[in-house]
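Structure first, then comments.
Structure, rendered in structure tokens:
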């Protein structure tokens, strides 16, 4: 089935924006990933030592953030939709357990790359399926 000319022209205008969104997702994801890895290494090898958690709730929070977010962002560079969903679910699970952080701009900023990866994957799938 042939794509109508008007639709084809609209798709050509969408592709640069889609590439830009993918680039923004990758750059912001790399920056957040570098920050979280620095944070993780500092926590694990700092004065407290590895595995120093006061409660099992802290272990669960640590698994949601930063572990799931780091794993999700790593996966997102290969599979944007899957990795973005993993990182986003880790952040949402963390923010549900710590509701006072919903208003913290830094925590919401860390969520941006995951949202960008998911949005990129959804839009890319729609554009490629429409062609």
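In the numbering used here, the protein residues as written are 0 to 130. No residue lacks a Cβ here, since even glycine has one placed at the ideal position from N, Cα and C. From a predicted model like this one, the values you see are computed outputs, not experimental measurements.
Of the other Cβ atoms in all chains shown, 16 or more fall within 10 Å of the Cβ of residue 120; this residue is therefore buried.
Using a Cβ distance threshold of 8 Å, residue 63 and residue 84 do not count as a contacting pair. When secondary structure is reduced to three states using DSSP, residue 119 falls in the helix class.
Taking 8 Å as the cut-off, the beta carbon of residue 115 is found no closer than this to the beta carbon of residue 90.
Per DSSP, reduced to three states, the secondary structure at residue 103 is coil, with no helix or strand assignment.
When DSSP states are grouped into helix, strand and coil, residue 113 belongs to the helix group. By the Cβ-count criterion, residue 55 is exposed, with fewer than 16 other Cβ atoms from all chains shown falling within 10 Å of its own Cβ.
Within the segment 20-103, the complete alpha helix (DSSP H) segments at least 4 residues long are 55-61, 68-75, 79-96, listed from N- to C-terminus.
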